[in-house]
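Chemist: Dropping a structure here in structure tokens format, bear with me for questions.
There are 2 protein chains.
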Amino acid sequence: MVMSRKAATEPSKQVAPRRRGPVLERAILTAALEQLSTVGWRGLTMEGVASAAQTGKAAVYRRWPSKQALATDALQAALPAVPDVPDLGSLREDLLFLVLRMREAMYSQSGLALRAVIDESDHETAHCFVRMVVEGVVEPTKHRILEVVRRGVGRGEVRPDATGDIVADVVPALMMYRSKMGGREISEHDLVEVVDQVMLPLLRP
Amino acid sequence: MVMSRKAATEPSKQVAPRRRGPVLERAILTAALEQLSTVGWRGLTMEGVASAAQTGKAAVYRRWPSKQALATDALQAALPAVPDVPDLGSLREDLLFLVLRMREAMYSQSGLALRAVIDESDHETAHCFVRMVVEGVVEPTKHRILEVVRRGVGRGEVRPDATGDIVADVVPALMMYRSKMGGREISEHDLVEVVDQVMLPLLRP
Numbered sequence: 003m004v005m006s007r008k009a010a011t012e013p014s015k016q017v018a019p020r021r022r023g024p025v026l027e028r029a030i031l032t033a034a035l036e037q038l039s040t041v042g043w044r045g046l047t048m049e050g051v052a053s054a055a056q057t058g059k060a061a062v063y064r065r066w067p068s069k070q071a072l073a074t075d076a077l078q079a080a081l082p083a084v085p086d087v088p089d090l091g092s093l094r095e096d097l098l099f100l101v102l103r104m105r106e107a108m109y110s111q112s113g114l115a116l117r118a119v120i121d122e123s124d125h126e127t128a129h130c131f132v133r134m135v136v137e138g139v140v141e142p143t144k145h146r147i148l149e150v151v152r153r154g155v156g157r158g159e160v161r162p163d164a165t166g167d168i169v170a171d172v173v174p175a176l177m178m179y180r181s182k183m184g185g186r187e188i189s190e191h192d193l194v195e196v197v198d199q200v201m202l203p204l205l206r207p
Numbered sequence: 003m004v005m006s007r008k009a010a011t012e013p014s015k016q017v018a019p020r021r022r023g024p025v026l027e028r029a030i031l032t033a034a035l036e037q038l039s040t041v042g043w044r045g046l047t048m049e050g051v052a053s054a055a056q057t058g059k060a061a062v063y064r065r066w067p068s069k070q071a072l073a074t075d076a077l078q079a080a081l082p083a084v085p086d087v088p089d090l091g092s093l094r095e096d097l098l099f100l101v102l103r104m105r106e107a108m109y110s111q112s113g114l115a116l117r118a119v120i121d122e123s124d125h126e127t128a129h130c131f132v133r134m135v136v137e138g139v140v141e142p143t144k145h146r147i148l149e150v151v152r153r154g155v156g157r158g159e160v161r162p163d164a165t166g167d168i169v170a171d172v173v174p175a176l177m178m179y180r181s182k183m184g185g186r187e188i189s190e191h192d193l194v195e196v197v198d199q200v201m202l203p204l205l206r207p
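Same order as they appear, the protein sequences are chains Y and A.
For the first sequence, the residue numbers in this note's numbering are 3 to 207.
For the second sequence, the residue numbers in this note's numbering are 3 to 207.
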């Protein structure tokens with residue numbers, strides 16, 4: 003009753019239904035992620051996020067004192083999930099499954115937002131975001147790649163000493179490099195090349 | 003005579019000896035590169051460059067209308083040379099020679115300046131700088147790597163079908179990835195790993 007009376011007395015200030023607590027927070031974080039993935043880190047403003055979430059700037063600042071704090075929570079809530087890789091019967095099929103899922107994550111809304119903050123923020127801020135990505139995405143991805151490699155060792159398709167960290171870095175490194183230097187999105191064809199021309203020769207016994 | 007009289011009438015405005023044409027231009031470009039490698043793209047100002055080059059802001063603006071034009075010329079004039087690789091008798095030695103030279107270039111003044119502009123400038127500006135790096139450094143480096151690989155094919159150390167573009171991208175990709183995600187400079191030890199754990203197994207017949 004209190005809420006509906008209050009809303010009724012402020013018809014012009016309150017276009018969207020009044021939301022509180024977790025619901026409003028979720029709307030703000032969603033808006034922040036959407037802004038990051040479209041206008042980037044430098045285009046992100048507290049005003050823009052408030053407006054996109056149909057709330058006031060004060061409601062945003064009350065919860066997040068800075069753009070960095072807001073972006074951190076928005077990204078943390080949306081880190082791309084690192085997929086389980088089912089046993090598809092061969093190293094090649096397992097690797098292709100994984101790299102194609104990695105590509106999807108890279109071009110998802112949260113993937114674009116993550117790259118925007120890392121590419122555009124200043125050195126110190128970028129360092130915080132890189133740490134978040136390393137813990138939340140890079141390390142879990144590395145573990146997943148090594149799982150696939152070890153499964154290949156079990157099948158006799160992979161030499162047993164090919165399970166070093168540097169081997170697990172090859173796929174994400176090529177994806178980052180080609181996306182940065184190639185001037186275009188990585189295609190599925192590029193990833194088939196990565197598997198067939200690099201990973202399979204590198205791993206075979 | 004005109005010059006010395008002019009200098010004599012402006013003693014307070016002219017601390018450094020009056021330089022003209024190519025000498026002054028060189029001093030400005032050197033100062034711009036130094037600023038890029040220390041304060042980065044965002045810290046670079048026309049005022050700062052003028053002051054470091056001991057000249058006036060007008061002298062800088064007369065030659066370069068914008069920060070981007072100045073940085074482009076400064077970087078173009080200082081692109082790290084891609085080294086010739088002497089035949090050291092084995093694929094491993096040739097590769098180690100090349101990757102260690104690449105690391106030197108990466109941490110040289112112009113390497114630091116190049117990474118600053120690519121990492122910090124906005125998307126469109128970064129795109130122009132990336133194109134410069136691709137043409138001036140990435141492509142020549144790729145050719146050098148493929149030369150080393152083909153020499154290995156000639157020696158029987160490398161399978162003949164390992165001369166694709168994607169294979170030549172592996173070393174620079176790992177160097178960029180580890181430098182970006184590792185939070186520290188790439189060490190010589192990292193590069194020995196790249197050669198021994200990735201390139202040699204990938205290339206062998």
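Each residue gets a CB set at the ideal place from its N, CA and C atoms; glycine is no exception.
A quick note: this is a predicted structure, and the numbers were derived from the prediction, not measured.
Please check if any C-beta of chain A sits within less than 9 angstroms of the C-beta of Ala9 of chain Y.
Modeler: Only weak support is given to the placement of Ala9 of chain Y: the predicted model assigns it a pLDDT of 43, under 50, and the value that follows is read from those uncertain coordinates. Not closer than 9 angstroms to any Cβ of chain A, the Cβ of Ala9 of chain Y fails to qualify, so no.
Chemist: Taking the alpha helix (DSSP H) that Gly42 of chain Y falls in, what are its first and last residues?
Modeler: Here the alpha helix (DSSP H) through Gly42 of chain Y covers 23 to 45.
Chemist: Cβ closer than 7 angstroms: which chain Y residues qualify as neighbours of Glu195 of chain A?
Modeler: Result: Ile168.
Chemist: Hey, Ala1 of chain A and Ser53 of chain A are a contact pair by Cβ (cut 8 angstroms); roughly how many whole angstroms apart?
Modeler: Look at the range of chain A in this structure, 3 to 207, and you will see that residue 1 of chain A is not part of it.
Chemist: Three-state secondary structure (DSSP) at Gln56 of chain Y?
Modeler: Coil at Gln56 of chain Y, not helix or strand.
Chemist: So, helix, strand or coil for Gly50 of chain Y, using DSSP?
Modeler: Residue state, collapsed to three classes: helix.
Chemist: Are the C-beta of Ser6 of chain A and some C-beta of chain Y separated by less than 9 angstroms?
Modeler: The predicted position of Ser6 of chain A is uncertain, since its pLDDT is 43 and thus under 50; a value taken from the coordinates is nonetheless stated next. No, because no Cβ of chain Y sits closer than 9 angstroms to the Cβ of Ser6 of chain A.
Chemist: Are the C-beta atoms of His145 of chain A and some chain Y residue less than 9 angstroms apart?
Modeler: Output row for His145 of chain A: interface = no.
Chemist: Taking only the alpha-carbon atoms, compute the straight-line gap between Thr143 of chain Y and Arg105 of chain Y and give it to the nearest angstrom.
Modeler: Looking at the two C-alpha atoms, the distance is approximately 12 angstroms.
Chemist: Within this structure, are the beta carbons of Leu35 of chain Y and Ala83 of chain Y separated by less than 9 angstroms?
Modeler: Not a contact, by the Cβ cut-off of 9 angstroms.
Chemist: Thinking C-alpha only, which one of A:Val194, A:Gln199, A:Arg206, A:Leu205 is nearest Leu100 of chain A?
Modeler: Out of A:Val194, A:Gln199, A:Arg206, A:Leu205, A:Val194 has the C-alpha closest to the C-alpha of Leu100 of chain A.
Chemist: Would you grab the beta carbon distance between Val119 of chain A and Phe131 of chain A for me? Rounded to a whole angstrom, and I think it's under 8 angstroms.
Modeler: Confirmed, Cβ separation roughly 5 angstroms.
Chemist: Closer than 7 angstroms by beta-carbon distance: list the chain Y residues that pair up with Arg44 of chain A, in chain order.
Modeler: Result: Asp124.
Chemist: Could you tell me the distance, in whole angstroms, from the CA atom of Glu95 of chain A to the CA atom of Arg65 of chain Y?
Modeler: Those two C-alpha atoms are separated by around 57 angstroms.
Chemist: Is there a Cβ from chain A that is less than 9 angstroms from the Cβ of Gln111 of chain Y?
Modeler: For Gln111 of chain Y, the answer is no, since every Cβ of chain A falls outside 9 angstroms of its Cβ.
Chemist: Just to confirm before moving on: does the CB-CB distance between Asp88 of chain A and Glu159 of chain A stay below 9 angstroms?
Modeler: Contrary to the premise, residue 88 of chain A reads as Pro rather than Asp in this sequence. The answer is no: Cβ separation not under 9 angstroms.
Chemist: Could one say the Cβ of Leu38 of chain A lies closer than 9 angstroms to chain Y's Cβ atoms, at least one of them?
Modeler: It does not: the Cβ of Leu38 of chain A has no partner Cβ on chain Y nearer than 9 angstroms.
Chemist: What are the residues in the segment 153 to 184 of chain Y lying within 8 angstroms of chain C by C-beta distance?
Modeler: No chain C appears in this structure, whose protein chains are Y and A.
Chemist: Between which two residues does the alpha helix (DSSP H) carrying Asp124 of chain A extend?
Modeler: Counting along the chain, Asp124 of chain A falls outside any alpha helix (DSSP H), and DSSP gives it neither H nor E.
Chemist: Where do the N-terminal and C-terminal ends of the alpha helix (DSSP H) with Ile168 of chain A fall, by residue?
Modeler: It spans 167 to 183 - the alpha helix (DSSP H) in which Ile168 of chain A sits, taken as one unbroken run.
Chemist: By DSSP, does Arg117 of chain Y sit in helix, in strand, or in coil?
Modeler: Helix at Arg117 of chain Y.
Chemist: Taking the Cβ atom as the reference point for each residue, do Asp121 of chain A and Asp121 of chain Y lie within a distance shorter than 9 angstroms?
Modeler: Contact flag set, yes.
Chemist: One question on the structure: do Tyr109 of chain Y and Glu190 of chain Y come within less than 9 angstroms of each other, judged by their Cβ atoms?
Modeler: No, Cβ-Cβ distance for Tyr109 of chain Y and Glu190 of chain Y is not below 9 angstroms.
Chemist: Taking the alpha carbon of Val139 of chain Y as the reference point, which residue from A:Ala128, A:Ala164, A:Met183, A:Ala175 has its own alpha carbon closest?
Modeler: Taking only the C-alpha atoms, the option nearest Val139 of chain Y is A:Met183.
Chemist: Rounded to a whole number of angstroms, what is the C-alpha to C-alpha distance between Glu137 of chain A and Gln78 of chain A?
Modeler: Going from the Cα of Glu137 of chain A to the Cα of Gln78 of chain A covers about 11 angstroms.
Chemist: Have a look at A:His125, A:Leu90, A:Val25 and flag the residue whose alpha-carbon is nearest the alpha-carbon of Arg44 of chain Y.
Modeler: Taking only the C-alpha atoms, the option nearest Arg44 of chain Y is A:His125.
Chemist: Could you tell me how far apart the beta carbons of Thr127 of chain A and Gln70 of chain A are, in whole angstroms, since I believe they sit closer than 8 angstroms?
Modeler: Indeed they touch by this definition, with Cβ atoms about 6 angstroms apart.
Chemist: Do Ala60 of chain Y and Ile30 of chain Y have their CB atoms nearer than 9 angstroms?
Modeler: Contact: no.
Chemist: Measuring CA to CA, which of Y:Gln37, Y:Pro24, Y:Met201 is closest to Arg117 of chain Y?
Modeler: Of the candidates Y:Gln37, Y:Pro24, Y:Met201, the one whose C-alpha sits nearest the C-alpha of Arg117 of chain Y is Y:Gln37.
Chemist: Going straight from the alpha carbon of Met48 of chain A to that of Gly58 of chain A, what length do you get?
Modeler: In a straight line, the C-alpha of Met48 of chain A is about 9 angstroms away from that of Gly58 of chain A.
Chemist: Hey, is Ala79 of chain Y's beta-carbon within less than 9 angstroms of any beta-carbon in chain A?
Modeler: Ala79 of chain Y does not count as touching chain A.
Chemist: Does the Cβ-Cβ distance between His129 of chain Y and Gly185 of chain A come in under 9 angstroms?
Modeler: Yes, the Cβ-Cβ distance between His129 of chain Y and Gly185 of chain A is below 9 angstroms.
Chemist: Any Cβ of chain Y within less than 9 angstroms of the Cβ of Gln56 of chain A?
Modeler: Not one chain Y Cβ lies under 9 angstroms of Gln56 of chain A.
Chemist: Using only CA atoms, which one of A:Thr74, A:Leu102, A:Ser112, A:Ala76 lies nearest to Asp86 of chain A?
Modeler: Nearest C-alpha to Asp86 of chain A: A:Leu102.
Chemist: What first and last residue would you give for the alpha helix (DSSP H) that runs through Glu216 of chain Y?
Modeler: As shown, chain Y starts at 3 and ends at 207. That puts residue 216 of chain Y outside it, with no answer to give.
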